[in-house]
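In the UniProt record's numbering, the protein residues as written are 1 to 109.
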C-alpha cells in the first residue's frame, strides 16, 4: 500500500464539516501530482484530511486515469458525508452550506 506524501498538492479544497453531533472539523481535499510507476502504469496521491486521511495512491493507465479516479473518490466520500447528515461549509462563509450539486461541480461529477 503506497502512500506518497502530498507535500506540494496540484489541487486542494478546504471545507468545515459540522457533524450530526454538532462537532466541527476542518476538511482538506488534496491531490498530488500523478507519477509514473512503470511503463504505462501511473499512480496519483489523494487525501481527504478530516474525514478519511490519506488514501493509498490511486492506480491507473496513463496519467489522466488515476487523476480522474482520485477526484471521483474524494467526490464520492464528500457526497456520502453529506448524505450521512454532515454539513459542509467553505471556511470563510457559513451562510450557505455546500450542497451535492456544488461538490459535483468542483470535483468533476
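Just so it is clear, CB atoms sit at the ideal spot from N, CA and C, and this is done for glycine as well.
Small disclaimer: the values here were computed from a predicted structure and weren't measured.
Counting only runs of at least 3 residues, the UniProt domain "DUF6968" (21-82) fully encloses the following beta strand (DSSP E) elements, listed from N- to C-terminal order: 24-31, 35-38, 41-44, 46-49, 58-61.
For the 7 Å CB-CB criterion, residue 66 and residue 58 form a contact.
Under the three-pair Cβ rule at 8 Å, the region 45-64 does not count as touching the region 87-94. Beta-bridge partners assigned by DSSP to residue 93: 90. Here residue 2 is not near residue 30, since their CB atoms are 7 Å or more apart.
Between the region 6-17 and the region 27-46, the count of Cβ pairs shorter than 8 Å is three or higher; the stretches touch. Per DSSP, reduced to three states, the secondary structure at residue 100 is helical. Beta bridge pairing from DSSP links residue 11 with 31.
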